[in-house]
Structure formats: C-alpha cells, structure tokens
Ligand code: HXC
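Put into structure tokens, the structure is as follows:
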C-alpha cells in the first residue's frame, strides 16, 4: 500500500536560509522583554502600527538590513535591529504613501545616523514619487552614543521636511516621547497627531525645566496632548488610542491630493447639491446679539453633514477643517460666535493662516464663513504681537490662488471684514445673508465715537443715544452698502447657501492665477 503524501516542505538553499535568518533577526526588534515593556506602557509595536495604518498586505519594507556603523560607547557590542526604525512604502485607501515607524524597543527608538538615513530615503522617495509621507514617532531623540552624527541625521530630516513642504502632504503621529530638537521634524510637517496619555513633546524635559527656571511640571503638563492641542497649537488632532489615531489619519488622507500637482480626488456626491436648509434660515433670523455654534452651519452646508475639523481644541474662535461639496474636497475657515464672539486673536490668526496656506499649496478650494465683530482687543494681545501675527492670516488669504468663496453670515466689521477673504483681497465669489452687517464697526461703538460730544452735551441721554444707534444700524448695519458697490456679488436667502456655494465652486473649478515672479514672499513670521 502506498504511503500517504506528506505535506511538501521545500528546503531552503543555504543562501536563502541565511537571508531568512538575517531577516528574522532584524524583524525581532528589541526582543521579548522590551516588547513587553512597550505593551505595558499601553503602546503597540512599530510593525503593528504600520499594519493598522496601511491597507492590508501593502507594506513594502526598505532597508531592513541596514546597520549602524558607530562602534563607540559599547555600541560595537550591540545589535540594533533595523537600527530602530521600520521604513518603506505602502497604501492607504488604495493610494500610495511612504512611511517610517520608530521602534522604541530598540534603544528607545533613538536616532543614529543609519536610522536617519532610512527616514531620509523614505522622504526622498515620497517627494520623487509625489506621495504623502507619514512618520510614526516614538523616540528618545538623538542617539547619545553617536554624537554629532545623530544631530546631523536630524538636520538632514529637517532639510527634507522643508523641501517637501507644500509639495507633498507630511503627517506626523507622536506615539511616545519626542524630546529635544526631535520635535522640529513634526513641527515642520503639515499635521501632528498625539495620543491622550502616551504622547509627549518638549524641547527640554521636566528636570531641565526645574533646574533652569524653578518651575515644577511633569511630562503630561509640559508636553502632553492636552498641552499641545489646547495651548500651544503644536498638535492638530488628538486620538484616544493608537487605533483611533490611524483611523483618523486614513480619514484625513481622503480629503487630500497626493501632491501639489494634483487636485484632491472627488467622490460620488452623497448629498443633493440643491438641498436647501431651514436651519440656516433660523440662524439668520436669530437676534444678532445671540451666539450660536458655527459647526451647526458647517454641518448643514457639507455633503452628508460631515466635517473633519482640524485644530479642534485650539483657538476655538476660528474653526477650520475639511468638508465635501458636491463630492469635492473643500477647506472651511469660519468665525465661531460662541467663543470670544468669533473675534480674531493671535492664535486664531495663526491657526487660520496655516490652514489657508495648506489648502492653497494642495489645490483645495476655500469656503470662508464670516461672522466676526473684529480683532480681539487688549494689552495682552498687543504685547504679544497681534499686529504682526494677525497679519499672517491677511497674508495667507492675499496669497492664496485656489478658488475662494465667501459668505458673510452676520457681522463683518472693521479690519476683520477685509481679512476674511473679502472681495478686495480676491475672494472670487462673495455672498452675504440679508441679516449681514458689513461696516467699519458696530452701531454702539460707532455712535460712541461719532457723537461723543453731542451725547455729553445732552447729558448722555439714553433715548437720544438709542435714536443714533438705530439710525446708524439702519444705514450701515446691512449688506446693502457693500452690495451696491459690488463688494458682495449677491445677497442670498440663508436657506439657499448650500446650492449657491456648490455652484460657485463648480464654476471656479478650473480657475488659474499667474502670480508675480519672485523668489518668495516674506510672510510676517
Ligand atoms: C541613546 C537612549 C536614548 C537616547 C533612550 N535611550 N533615549 N539611548 N540615546 N537619546 C535608551 C535608554 O538608555 C534605554 O536603554 C532605552 O532607550 C529605553 O529608555 P528608558 O529610559 O528605559 O525608557 P523610559 O523610561 O520610557 O524613558 C524614555 C525617555 C528617556 C523619556 C525618552 O529614555 C529619556 O529621557 N531619554 C533621553 C531623552 C533625551 O534627552 N534625548 C536627547 C534629546 S536631544 P536600555 O539599554 O536601558 O534599554 C536631541 C537633539 C536633537 O534629541 C537635535 C536635533 C536638532
């Protein structure tokens, strides 16, 4: 009787076997103990992170077998698997990206020269292929044993971040510590993600801070997700977990093009472009002194009521993010009357400017929703440079050549009227609701200045004051002075805003502007 067939197990040649062993060793990271510690800290491994970020089976690893050259300080006795970083290319939602993922289990993910070269190679390939680059950072910073070579390695990365800026989208996820100058690569990228509780970014740690300034702080208060998403504005997106972070990155990429030569991919419109909105009619009917959350308006305008907000916790008086209109990706910039009455301050100006410049660099049209009483006044704002920093938003809008559609919802007063994508700084199509008030300032303030003497002589009579306020409001607090001069292209019923802006962007789709020939402008930094 014939023997049953044994499963065929091909024997590897000695060379193939040698390769298998090398690969296995390089892929083992820092070993079981270090992996256990990584998990105990609530963190995934470098490779698990890539599995979650990328489409299944698409990761192509490069430089797995790269090794350090440095032999100082006992490094000759250590094998550093993949030199502490996993790099290569893969796909997200079917589109190519380059990636690197620092491996904290290998010498704390510290950055030596070979480690830096791997990251640089991924960045160079991304730039040449015209695809986004995503960095997953989890590192103790410059590898101390490699001295100036590791500093040089960082500088090579910074240089590439700047060359790639505005050419390909760059995304950083901070998934552990990020200390010293290492924070500057993420800071140079377009979007920074942090995880609540496990991500930390700082120039110098709590000990150095205490020695230098006497201040006491811990990792979290100094450089945690809350600090950087609310106060400093370094972080654009906060995630509750690493899984959530990768889901969010995948969602963001859907709104972006692969590079600056392309437009973002449109999707099948999921919503009626002609949809009118009763809710917007009700917002327009509200008492002008009452506030509302601008998100209500954005959700109402967007396809499928979907809004991907950027910098959600920072400078909440200005809201920015991505929506789709008629299936096309659009960047929204909107004053938020429910915070600081929607006034512009330093943080809002910087937040808005950065977003406008991102959209302009990557051919994403801009929808500006205006409800702004002016710039936020005060000594603190002046001392901290509202003049210089507020000018950033103005500069960004003046420079932006993507299609720009503006809707003045309620207030558009003073310099803030000019800044918020007004016709004068080349808003392409500017609409206003009938309740809009477009003027140098609000009625109360204007009457106080124009009629100060008269009111004083009349003993500041309340009735006279009210008469003057009403008369000013009638004459100036409307969209009609602006409409009569063509500064507003059309006064539209609030209910019809979505169909209007969908048509406007459709019309402007192939807009082209040739700028002034120069090396580069000089934005007030
Ligand atoms: C070499 C490093 C390292 C580094 C960590 N390790 N950081 N090795 N160079 N920069 C090693 C540790 O010795 C340890 O090795 C392993 O990584 C894990 O580190 P632990 O300290 O055990 O982990 P943990 O307690 O989680 O603390 C993580 C940490 C801490 C907060 C990141 O390691 C730390 O403070 N590291 C130094 C951070 C720093 O000051 N970096 C330099 C910044 S200056 P073993 O063998 O014990 O497992 C900089 C300049 C950039 O980056 C310049 C750009 C312009």
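In the working numbering, the protein residues as written are 2 to 526.
Yeah, the Cβ is synthetic: ideal placement off N, Cα and C, and Gly gets one too.
Remember, predicted model here, so these are calculated numbers, not experimental data.
Kindly identify the DSSP beta-bridge partner or partners of residue i.
i: residue 407; result: 369 and 431
i: residue 1; result: For residue 1 there is no data in the structure shown, the boundaries of the chain being 2 and 526.
i: residue 102; result: 87 and 137
i: residue 440; result: 414
i: residue 378; result: DSSP output for residue 378 lists no bridge partner at all.
i: residue 196; result: 240
i: residue 143; result: 112
i: residue 330; result: 325
i: residue 61; result: 90
i: residue 335; result: 320 and 370
i: residue 179; result: 140 and 202
i: residue 97; result: 92
i: residue 280; result: Answer by DSSP bridge pairing: none, since residue 280 is not bridged.
i: residue 345; result: 376
Quick one, which of the options has its alpha-carbon nearest residue i's?
i: residue 181; options: 395, 197, 172 and 201; result: 201
i: residue 260; options: 517, 320 and 96; result: 96
i: residue 387; options: 374, 345 and 362; result: 345
i: residue 54; options: 145, 124 and 98; result: 98
i: residue 206; options: 499, 188, 240 and 141; result: 141
i: residue 371; options: 415, 112 and 389; result: 415
i: residue 146; options: 177, 111 and 61; result: 111
i: residue 92; options: 143, 127 and 447; result: 127
i: residue 321; options: 300, 525, 8 and 258; result: 300
i: residue 90; options: 51, 256 and 105; result: 51
i: residue 105; options: 78, 80, 129 and 138; result: 138
i: residue 267; options: 324, 238 and 311; result: 324
i: residue 175; options: 236, 68, 495 and 144; result: 236
i: residue 369; options: 211, 332 and 25; result: 332
i: residue 199; options: 223, 456, 373 and 397; result: 223
i: residue 195; options: 13, 234, 457 and 500; result: 234
i: residue 32; options: 278, 47 and 114; result: 47
i: residue 156; options: 16, 304 and 114; result: 114
i: residue 377; options: 366, 336 and 513; result: 336
i: residue 437; options: 483, 457, 454 and 525; result: 483
i: residue 144; options: 133, 86 and 125; result: 86
i: residue 1; options: 170, 102 and 151; result: What is shown of the chain runs 2 to 526, which leaves residue 1 out entirely.
i: residue 490; options: 500, 432, 520 and 512; result: 432
i: residue 328; options: 312, 313 and 308; result: 308
i: residue 246; options: 165, 392 and 172; result: 172
i: residue 355; options: 219, 326 and 396; result: 396
i: residue 510; options: 262, 364 and 486; result: 364
Could you give the first and the last residue of the continuous alpha helix (DSSP H) run that contains residue i?
i: residue 396; result: 387-400
i: residue 41; result: 33-41
i: residue 71; result: Neither: residue 71 is in no alpha helix (DSSP H) and is coded neither H nor E.
i: residue 77; result: Premise fails: residue 77 is in no alpha helix (DSSP H) and is neither H nor E.
i: residue 457; result: 453-458
i: residue 186; result: 185-189
i: residue 53; result: 47-54
i: residue 472; result: 463-477
May I ask which residues mark the beginning and end of the beta strand (DSSP E) holding residue i?
i: residue 151; result: Counting along the chain, residue 151 falls outside any beta strand (DSSP E), though it belongs to the alpha helix (DSSP H) covering 149-165.
i: residue 28; result: Unbroken run through residue 28 is the alpha helix (DSSP H), 15-28; no beta strand (DSSP E).
i: residue 203; result: 201-203
Is the beta carbon of residue i within less than 7 Å of some heavy atom of the ligand SAM?
i: residue 280; result: Among the ligands in the structure shown, the ligand SAM does not appear; only the ligand HXC can be found there.
Using a Cβ cut-off of 8 Å (strictly closer), state whether residue i contacts chain C.
i: residue 457; result: This model lacks chain C altogether, as it is built from one protein chain only.
- Query: Which runs of the alpha helix (DSSP H) spanning at least 4 residues fall entirely within the region 213-277, listed in chain order?
  - Reply: 220-224 and 243-254
- Query: Is it true that the region 237-252 meets the region 277-297, where meeting means three or more beta-carbon pairs spaced less than 8 Å apart?
  - Reply: no
- Please determine if the region 219-230 and the region 31-38 are in contact, where contact requires at least 3 C-beta pairs separated by less than 8 Å. no
- Which ranges does the alpha helix (DSSP H) cover as unbroken runs of at least 4 residues, wholly within the region 482-518, from first to last along the chain? 498-509
- Residue ranges of each alpha helix (DSSP H) within the region 285-323, 4 or longer: 295-302
- Query: Contact between the region 416-423 and the region 389-407: three or more CB pairs below 8 Å?
  - Reply: yes
- Message: Does the region 148-161 come into contact with the region 111-126, if we say contact requires no fewer than three beta-carbon pairs (one atom in each stretch) closer than 8 Å?
- Response: yes
- Message: So, does the region 57-72 touch the region 181-197, judging by three or more C-beta pairs under 8 Å?
- Response: no
- Query: Quick check: the region 403-412 against the region 488-506, are there 3 or more CB pairs under 8 Å?
  - Reply: yes
- Would you call the region 335-345 and the region 310-322 in contact, with 3 or more CB pairs under 8 Å? yes
- Message: I want to know whether the region 270-283 touches the region 348-356 - three or more CB-CB distances under 8 Å.
- Response: no
- Query: Is it a yes or a no for the region 477-486 touching the region 441-449, going by three-plus beta-carbon pairs under 8 Å?
  - Reply: yes
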